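Data first, discussion second: the structure below is written as structure tokens.
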Amino acid sequence: MTNFVLVHGSWAGGWQWTAIRETLENEGHRVLTPSLTGMADRHHLINENVGLKTHIDDIARLIEWEDLSDVVLAGHSYGGMVITGAAARVKARLSHLVYVDAFLPRVGECAWDLLPWQPEIFETLRLKDKPWQVQPVDKMTYFPELESFNMDRATPMTIRTHSDPLPEATNDVKGTYIECTQEPSFFGAVAERAKSDGMKHVTIKAGHYVIITHPEDVVNILKEAAGLK
1 MTNFVLVHGS
11 WAGGWQWTAI
21 RETLENEGHR
31 VLTPSLTGMA
41 DRHHLINENV
51 GLKTHIDDIA
61 RLIEWEDLSD
71 VVLAGHSYGG
81 MVITGAAARV
91 KARLSHLVYV
101 DAFLPRVGEC
111 AWDLLPWQPE
121 IFETLRLKDK
131 PWQVQPVDKM
141 TYFPELESFN
151 MDRATPMTIR
161 THSDPLPEAT
171 NDVKGTYIEC
181 TQEPSFFGAV
191 AERAKSDGMK
201 HVTIKAGHYV
211 IITHPEDVVN
221 ILKEAAGLK
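Here you go:
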């Protein structure tokens, strides 16, 4: 049995990992897919102080409180920011990091440093009555692969998730980077960083939301990261 902790991305929640979680659980593995503070089923907890560090705390504390070891820790999209920070806190409990078309920051970088076109988009998404929150982007503009998928459970999130700098990181955990190559493709430059860092680099001809559209491919890579293939 392997312990997997799977972290979602922007405007999302643990529910986006359902197909992957169920497949791995049916094979006898323990799989945790928490929603981050202020998002999805925990949206009622959102406040102006929720930011990147809050979410790093969410994941590091989960791994500590569940007393997990040999964890494969994966993050999709914004989840890459979170797992990078959490890994520095619980590196002794981890066996592998998997970045699924995700941010891969250095200490002191925020998400916008890696995708510098984002701040302008976020300005158009601010809620008028709560400008510290941003509503979900139009899925057909940015994620056309989701045309046939219901995304009504997407929730607003705080701007601080993307503007807060990464407080800490570690180079002591092996990593795999999954790059999605179907246009619009967002993380090509980040994937190059992963390769230069010595991570295993895997490509999938899919859109950004590969965890929803191609769960079997992601499962296979997660299992390989765990040494199961």
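Residue 46 in the UniProt record's numbering is what sits at position 46 of the sequence shown, and the numbering runs on without skipping anything. From the three backbone atoms N, C-alpha and C, an ideal C-beta is built for every residue, glycine too. Small disclaimer: the values here were computed from a predicted structure and weren't measured.
Beta-carbon proximity check, residue i vs residue j, cutoff 7 Å
{"i": "residue 121", "j": "residue 85", "result": "no"}
{"i": "residue 208", "j": "residue 101", "result": "yes"}
{"i": "residue 111", "j": "residue 136", "result": "no"}
{"i": "residue 205", "j": "residue 181", "result": "yes"}
{"i": "residue 20", "j": "residue 165", "result": "no"}
{"i": "residue 194", "j": "residue 114", "result": "no"}
{"i": "residue 219", "j": "residue 33", "result": "no"}
{"i": "residue 213", "j": "residue 179", "result": "no"}
{"i": "residue 93", "j": "residue 62", "result": "no"}
Residue i, enclosing beta strand (DSSP E) - first and last residue
{"i": "residue 149", "result": "Neither: residue 149 is in no beta strand (DSSP E) and is coded neither H nor E."}
{"i": "residue 202", "result": "200-204"}
{"i": "residue 76", "result": "71-76"}
{"i": "residue 178", "result": "175-180"}
{"i": "residue 210", "result": "From DSSP, residue 210 is part of no beta strand (DSSP E) but of the alpha helix (DSSP H) over 210-213."}
{"i": "residue 7", "result": "3-7"}
Option in the options with minimal Cα separation from residue i
{"i": "residue 36", "options": "26, 132, 173 and 6", "result": "6"}
{"i": "residue 285", "options": "4, 18, 2 and 11", "result": "Here the chain covers residues 1 to 229 and nothing more, so residue 285 does not appear."}
{"i": "residue 38", "options": "30, 51, 32 and 125", "result": "51"}
{"i": "residue 58", "options": "127, 105, 87 and 30", "result": "87"}
{"i": "residue 167", "options": "40, 130 and 106", "result": "106"}
{"i": "residue 126", "options": "24, 192 and 48", "result": "48"}
{"i": "residue 1", "options": "80, 28, 201 and 191", "result": "28"}
{"i": "residue 230", "options": "65, 44, 103 and 34", "result": "There is no way to answer for residue 230, as the model of the chain reaches only from 1 to 229."}
{"i": "residue 172", "options": "91, 190, 44 and 82", "result": "91"}
{"i": "residue 25", "options": "198, 202, 144 and 3", "result": "3"}
{"i": "residue 186", "options": "221, 152, 143 and 202", "result": "143"}
{"i": "residue 53", "options": "80, 31 and 224", "result": "80"}
{"i": "residue 118", "options": "151, 169, 45 and 161", "result": "161"}
{"i": "residue 132", "options": "158, 108, 149 and 45", "result": "158"}
{"i": "residue 43", "options": "196, 10 and 109", "result": "10"}
{"i": "residue 109", "options": "82, 129 and 128", "result": "82"}
{"i": "residue 129", "options": "191, 156 and 196", "result": "156"}
{"i": "residue 78", "options": "170, 163 and 199", "result": "163"}
{"i": "residue 174", "options": "227, 190 and 138", "result": "227"}
{"i": "residue 13", "options": "152, 224 and 116", "result": "152"}
{"i": "residue 240", "options": "30, 45, 46 and 169", "result": "Nothing can be reported for residue 240, as the shown portion of the chain is limited to 1 through 229."}
{"i": "residue 191", "options": "30, 149 and 200", "result": "200"}
{"i": "residue 70", "options": "15, 134 and 30", "result": "30"}
Run of the alpha helix (DSSP H) containing residue i, from where it starts to where it stops
{"i": "residue 163", "result": "160-163"}
{"i": "residue 31", "result": "It is not in any alpha helix (DSSP H) - residue 31 instead sits in the beta strand (DSSP E) that spans 30-32."}
{"i": "residue 168", "result": "Unbroken run through residue 168: none, as it is neither H nor E."}
{"i": "residue 84", "result": "79-90"}
{"i": "residue 26", "result": "18-26"}
{"i": "residue 54", "result": "52-65"}
{"i": "residue 233", "result": "Residue 233 falls outside the range modelled here, since the chain spans only 1 to 229, and no answer is possible."}
{"i": "residue 114", "result": "111-114"}
Counterpart residues of residue i in DSSP-defined beta bridges
{"i": "residue 133", "result": "158"}
{"i": "residue 96", "result": "72"}
{"i": "residue 126", "result": "134"}
Minimum Cβ-Cβ distance from residue i to chain B less than 7 Å
{"i": "residue 183", "result": "Of the chains in the structure shown, none is chain B; there is only one protein chain."}
Next item on the list: Count the CB pairs spanning the segment 86-100 and the segment 67-75 that are closer than 8 Å, and state whether there are at least three.
Entry: Counting Cβ pairs under 8 Å, three or more are found: they touch.
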